[in-house]
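Chemist: Dumping the structure here so I can ask a few things about it.
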Amino acid sequence: MINIFEVAETNEMIEKENLDVRTITLGISLLDCIDADLKLVNEKIYHKIYHAAKDLVETGEYISAEYGIPIVNKRISVTPVSLVGGAACKTPEDFVSIAHTLDKVAHEVGVNFIGGYSALVSKGMTEADERLIRSIPKALAVTERVCSSVNVGSTRTGINMDAVKLMGEVILQTAEATRDADSLGCAKLVVFCNAPDDNPFMAGAFHGVTEADKVINVGVSGPGVVKTALEKVRGENFEVLCETIKKTAFKVTRVGQLVAKEASKRLQVPFGIVDLSLAPTPAIGDSVADILCEIGLEYAGAPGTTAALALLNDQVKKGGVMASSYVGGLSGAFIPVSEDQGMIDAVSAGALTLEKLEAMTCVCSVGLDMIAVPGDTKATTLSGIIADEMAIGMVNQKTTAVRLIPVIGKGVGETVEFGGLLGYAPIMPVNGFSCDAFVNRGGRIPAPIHSFKN
Amino acid sequence: MKKTIITVVGKDTVGIIARVCTYLADNQINILDISQTIVQGYFNMMMIVDTNLTQKDFGVIVKDLEQLGENIGVIIKCQKEEIFNQMHRI
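Keeping their order, the protein sequence lines are chains A and B. Quick note: to get this note's numbering, add 2 to the position in the first sequence (first position is 1). Quick note: to get this note's numbering, add 551 to the position in the second sequence (first position is 1).
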């Protein structure tokens, strides 16, 4: 039988170490909403999402009360809208009308984000894909809760450099369209390589075409729990360190699995995956950078950071995989800058640069995330950074992503405040040397060779 | 049997157990096990209870006990046992 110490340990994790379930994300296929009539498409999308998700928030809150575990976000992901709206949307404006519908239904069912205003263009763009991408700046400016992502590369197809070039421009236009809110629109826009179909985390969540009609995906968190556990093994060797992370990740993930199963049962929607990611928030003690410091670094970004992050990421996966029957999504450690107080401190102290962050993305679960850069950064420079990050994902057969925020009207040394879970960030310097001729070549980077493995 | 764990943490005072038990008895909640310690003057109690017979909704019990805790000056949490089993048992 459970004893008082085990109960106390669990409750300490929840109350003092910020253990929570970061998100229950309901994936909804909109493939059956396709129609050539735009008005009908919008109506079908509204009704399908409303009926599928009307009980999501209430169910999440009930589970939260029963087990005494906070479930921070309830969200929705949908089929990439470029596919759903392809037949009906003849202009970027037409796509914006779908963004309005998504935003409206998100407000009505009470979810804080809805993801899937997306296009998958890793090899080429259809006309509809391009229209959707060109509509992103306006769509993100006129809606509050819609999140957008574009997959521009994969290990199997290579990198679509035309799309990379376009995304550099779209990010800048989005920043400009939301300049009154410190270019907040860019915080809702991710560029991916090898995007997973079942990611529950925003802004990159969408409901892949290989998924069932509806599915429940859950994202757990708990950097604070890992850090507290590591405080007890200071000075011990790597074996002890790794075992401690693994055991803690197991416990954290079990909570996610329980919540996912309960949500699935109550909403009568199949359980998809648990995403094991350590996702930081700006709250004190909820930081991945603090774990790196506890492992033995003065600041995140010091020499040894990439190795420390690599072992952290791997142990989180090893512990988590055994705790859940289905693991998916991104699973690992997120290293956003603005959402992590330890990362912000490291940038302010001059310990962490964009180049070091790029190296860290080779071994973390995603990529360059929530990084504020000067508003006068050129579109081609943004495209160059995206291309570098996509190349890391393509060659290493992993997901990588870029979520940069060029803050219009602000420069290096200034700070930008996004509020809430998105946090605040010091603006980081960007390498100013030109890559115009590289980005402007056009075409595709071929897929890498992966056949000489025997 | 639906087992639930009730934890009470706070400054030790007269009648904590009595008041919690009265609430449970009034609502047909059977106590299966109690363990209690005092760490540095702080009262720490865990009860394993059976909520099968109660007519009240679980969410209401959680809120009632939270309120009771506020009245006494302690923190009372009421959680289904499964979260602890999941985390601490393979």
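Here a beta-carbon is modelled for each residue, glycine too, at the ideal position from N, C-alpha and C.
So who's on the other strand from residue 417 of chain A, going by DSSP bridges?
Modeler: Beta-bridge analysis with DSSP links residue 417 of chain A to A:428.
Chemist: Going by beta-carbon coordinates alone, are residue 432 of chain A and residue 184 of chain A separated by less than 8 Å?
Modeler: It is not a contact, given that the beta carbons lie outside the stated cut-off.
Chemist: Does the beta-carbon of residue 128 of chain A have 16 or more other beta-carbons within 10 angstroms, so that it is buried, or is it exposed?
Modeler: exposed
Chemist: Could you have a look at residue 307 of chain A and say whether DSSP puts it in helix, strand or coil?
Modeler: Here residue 307 of chain A sits in helix by DSSP.
Chemist: State the DSSP-derived secondary structure class of residue 450 of chain A, mapped to helix, strand or coil.
Modeler: coil
Chemist: Let's see if you can read the secondary structure: which residues bound the alpha helix (DSSP H) around residue 240 of chain A?
Modeler: 240–269
Chemist: Please give the ranges of any alpha helix (DSSP H) in the region 354–426 of chain A, keeping only runs that are unbroken, at least 4 residues long and fully inside the region.
Modeler: Fully enclosed alpha helix (DSSP H) runs of 4 or longer: 356–362, 381–398.
Chemist: Check the C-beta distance from residue 188 of chain A over to residue 406 of chain A and give it rounded, since I have them as a contact under 8 Å.
Modeler: Right, the Cβ-Cβ distance comes to about 7 Å (below 8 Å), so this counts as a contact.
Chemist: Strictly under 8 Å for the Cβ-Cβ distance: is residue 3 of chain A near chain B by that measure?
Modeler: yes
Chemist: Determine the DSSP secondary structure at residue 602 of chain B, reduced to helix, strand or coil.
Modeler: coil
Chemist: Can you tell me the Cα-Cα spacing of residue 277 of chain A and residue 577 of chain B, whole angstroms?
Modeler: 42 Å
Chemist: Mind the definition here: the region 374–394 of chain A touches the region 148–166 of chain A only if three or more C-beta pairs lie below 8 Å; say whether that holds.
Modeler: yes
Chemist: Can you pull the chain A neighbours of residue 556 of chain B, defined as C-beta to C-beta under 8 Å?
Modeler: 4, 9
Chemist: Work out the CA separation of residue 80 of chain A and residue 274 of chain A for me, nearest whole Å.
Modeler: Our two residues, residue 274 of chain A and residue 80 of chain A, have alpha carbons roughly 14 Å apart in a direct line.
Chemist: How many angstroms separate the CA atom of residue 33 of chain A from the CA atom of residue 85 of chain A?
Modeler: 8 Å
Chemist: Check each candidate in A:299, A:213, A:180 and name the one with the smallest Cα separation from residue 410 of chain A.
Modeler: A:180
Chemist: Count the other CB atoms, across all protein chains shown, that sit within 10 Å of the CB of residue 3 of chain A; report buried if there are 16 or more and exposed otherwise.
Modeler: By the neighbour-count rule (16 or more Cβ atoms within 10 Å), residue 3 of chain A is not buried but exposed.
Chemist: How is the alpha helix (DSSP H) around residue 192 of chain A delimited, first residue to last?
Modeler: No alpha helix (DSSP H) contains residue 192 of chain A, which is instead part of the beta strand (DSSP E) from 191–195.
Chemist: DSSP three-state call for residue 635 of chain B: helix, strand or coil?
Modeler: The answer is helix: DSSP assigns residue 635 of chain B an H, G or I state.
Chemist: Starting from residue 273 of chain A, trace the beta strand (DSSP E) in both directions and tell me its first and last residue.
Modeler: 273–277
Chemist: Apart from the five residues just before and just after residue 289 of chain A, which ones in its own chain have a Cβ nearer than 6 Å to its Cβ?
Modeler: 225, 282, 342, 343, 344
Chemist: When the Cα atoms are used, what is the spatial distance from residue 266 of chain A to residue 377 of chain A?
Modeler: 43 Å
Chemist: Roughly how many angstroms separate the alpha carbons of residue 627 of chain B and residue 317 of chain A, rounded to a whole number?
Modeler: 35 Å
Chemist: Is the CB-CB distance between residue 216 of chain A and residue 29 of chain A below 8 Å?
Modeler: Yes, the pair counts as a contact, with Cβ atoms nearer than the cut-off.
Chemist: Under the rule that 16 or more other beta-carbon atoms within 10 Å means buried, what is residue 305 of chain A, buried or exposed?
Modeler: exposed
Chemist: Just to confirm before moving on: does the CB-CB distance between residue 581 of chain B and residue 616 of chain B stay below 8 Å?
Modeler: no
Chemist: Nearest chain B C-beta to residue 259 of chain A closer than 8 Å, yes or no?
Modeler: yes
Chemist: Please check the pair residue 227 of chain A and residue 21 of chain A, which I expect to be a contact at CB under 8 Å, by giving their CB distance rounded to whole angstroms.
Modeler: 5 Å
Chemist: Are the beta-carbon atoms of residue 23 of chain A and residue 222 of chain A separated by less than 8 Å?
Modeler: yes
Chemist: Per DSSP, residue 151 of chain A forms a beta bridge with which residues?
Modeler: A:120, A:192
Chemist: In angstroms with no decimal places, state the Cα-to-Cα distance between residue 476 of chain A and residue 591 of chain B.
Modeler: No answer is possible for residue 476 of chain A: it lies beyond the span of chain A, which begins at 3 and ends at 456.
Chemist: List the residues of chain B that residue 265 of chain A touches, going by C-beta distances under 7 Å, in chain order.
Modeler: Within 7 Å Cβ-Cβ: nothing; residue 265 of chain A doesn't reach chain B, min ~14 Å.
Chemist: Should residue 294 of chain A and residue 269 of chain A be called a contact, given that it needs their Cβ atoms to be closer than 8 Å?
Modeler: no
Chemist: By DSSP's criteria, residue 561 of chain B is part of a beta bridge. Which residues make up the other side?
Modeler: B:594, B:625
Chemist: Please state whether DSSP places residue 630 of chain B in a helix, a strand or coil.
Modeler: strand
Chemist: Tell me, please, whether the region 595–610 of chain B touches the region 444–455 of chain A by the rule of three or more beta-carbon pairs shorter than 8 Å.
Modeler: no
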